[in-house]
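Please read the structure below before turning to the comments.
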Amino acid sequence: MEANFFERVYTLVKQIPEGKVTSYGAIAKALGTAKSARMVGWAMNASHTIDSVPAHRVVNRKGLLTGKHHFDGTTLMQQLLENEGVKVVNNQIVDFDKHFWQPKLEI
DNA sequence: AAGGTGACCGGCC
DNA sequence: TGGCCGGCCACCT
């Protein structure tokens, strides 16, 4: 199996198709650490150094771009999502449930 | 080895 | 939805 918890998160996040988004909790649950969605966020923090992980497709359960602060600018994450067809208004994804992608189905 | 930290979640009001 | 609180686990120093 893969070495770190991080790599598992990366592997899963990388599988997120364009125009789709998911939540930390969903990823955490898919990995088996449902009660520790914080770990997913922590993994994303490390993903910042990897740049192969579409972290902009990962938001919290409310559809808020909580992690946009960790991106380069302030609207980078939002623009990336909009570029893929995901509407974002005021740091929040519109029709979040429609764009929601369930990692459990893929894992 | 121990403590601190974190891009969260769920429950309650 | 929004604010507050507790829990939870892996990584870092």
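Quick note on my numbering: the first sequence kicks off at 178 and runs consecutively.
Just so it is clear, CB atoms sit at the ideal spot from N, CA and C, and this is done for glycine as well.
Determine the direct distance from the alpha carbon of residue j to that of residue i, and round the result to whole angstroms.
i, j, result
"Pro280", "Ala203", "7 Å"
"Ser224", "Asp272", "26 Å"
"Asn237", "Val265", "14 Å"
"Leu258", "Phe277", "13 Å"
"Gly250", "Gly209", "32 Å"
"Asn268", "Lys191", "22 Å"
"Tyr187", "Gly244", "16 Å"
"Gly262", "Val217", "24 Å"
"Leu189", "Ile284", "7 Å"
"Phe182", "Ala232", "16 Å"
DSSP has residue i in a bridge; who is on the other side?
i, result
"Thr199", "Val235"
"Gln269", "Leu241, Val266"
"Phe277", "Val198"
Among the options, which one has its Cα closest to the Cα of residue i?
i, options, result
"Ile270", "Gly196, Asp249, Val190", "Gly196"
"Leu242", "Asn222, Asp249, Met254, Gly250", "Met254"
"Gly240", "Val198, Val217, Met216", "Val198"
"Glu184", "Ala214, Lys206, Val230, Pro194", "Val230"
Consider the C-beta atom of residue i and the heavy atoms of the ligand FMN; say whether any pair is separated by less than 7 Å.
i, result
"Ile284", "Among the ligands in the structure shown, none appear at all, so the ligand FMN cannot be discussed."
Classify residue i as buried or exposed, calling it buried when 16 or more other Cβ atoms lie within 10 Å of its own Cβ.
i, result
"Lys212", "exposed"
"Leu282", "exposed"
"His246", "exposed"
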